[in-house]
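Numbers 10 to 134, taken from the working numbering, label the letters of the sequence shown in order. Cβ coordinates follow ideal geometry from the N, Cα and C atoms, glycine included. Since the model is a prediction, treat every value here as computed from it, not as a measurement.
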Amino acid sequence: FSYDEVKNLRKVQAQVNGLVSNPIASKVPAAVGASSSVAGVKNVLSALQDLESRLSDRISKVIDEKLEGMDDVVVELIRCKTDNETLKQKIVDLNKEVYQLKNELNSYKPVALGFYKKKEVYVWE
């Protein structure tokens with residue numbers, strides 16, 4: 010609040026306290042005091058509304074600035090996640106292939122002079 014607004018608010022507060030503590034006061038000054046108090050209250054209300062709108066504008070501006078790059082980050086995150094899932098599936102497939110090749114390799118038994126003989130392998134697939 011500005012200094013003038015605080016001064017007006019204190020003046021209105023003093024007038025309201027004066028009217029409440031001094032009920033026998035004349036009606037003419039009360040009407041004049043009431044109109045200035047109404048104007049003071051309107052000033053305070055307009056200042057509060059202006060402050061609220063400025064504050065909400067600033068907050069929304071800061072939030073917009075912070076969230077500006079989030080769309081790109083989310084798209085990149087989704088792309089990385091799908092790539093990760095694809096690579097995991099490739100690893101699973103390669104592990105299966107390694108297992109099959111090891112079984113195939115173990116099915117050969119060395120004979121003499123660098124020759125190998127294939128054992129009978131039962132495949133349960």
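Give every residue of the same chain whose Cβ lies closer than 7 Å to the Cβ of residue i, excluding the five residues on either side of it in the sequence, and list them in chain order.
i      : result
Pro119 : Tyr125
Val21  : Ser46, Gly49 and Val50
Glu63  : The displayed chain sequence assigns Arg, not Glu, to residue 63. Cβ within range, chain order: n/a, list empty.
Val41  : Unreliable placement is indicated for Val41, whose pLDDT of 49 sits below 50; the coordinate value is still reported in the next sentence. Cβ within range, chain order: n/a, list empty.
Val37  : Low per-residue confidence applies at Val37: pLDDT is 43, beneath 50, and the placement is therefore not dependable, though the value from the model is reported in the following sentence. Excluding sequence neighbours, Val37 sits near nothing in its chain.
Find the nearest neighbour of residue i within the set the options, judged by alpha-carbon distance.
i      : options                 : result
Leu114 : Lys127, Lys97 and Val83 : Lys127
Ser44  : Asn17, Val107 and Glu74 : Asn17
Mind checking whether residue i and residue j have CB atoms under 8 Å apart?
i      : j     : result
Glu135 : Ala56 : An answer regarding residue 135 cannot be provided, because it is not within the stretch 10 to 134 covered by the chain.
Apart from the five residues on each side of it in sequence, which residues of its chain come closer than 6 Å, Cβ to Cβ, to residue i?
i      : result
Leu122 : none
Ile68  : none
Val71  : none
By Cβ distance, which residues of its chain are closer than 8 Å to residue i, with the 5 residues on each side in sequence left out?
i     : result
Tyr12 : none
* Length at least 4, wholly inside the segment 41-93: the alpha helix (DSSP H) runs in chain order -> none
* Asked: On the three-pair Cβ rule with 8 Å, is the segment 42-62 touching the segment 85-102?
  -> no
* **Every unbroken beta strand (DSSP E) inside the segment 96-121 [3 residues or more]** => 117-119
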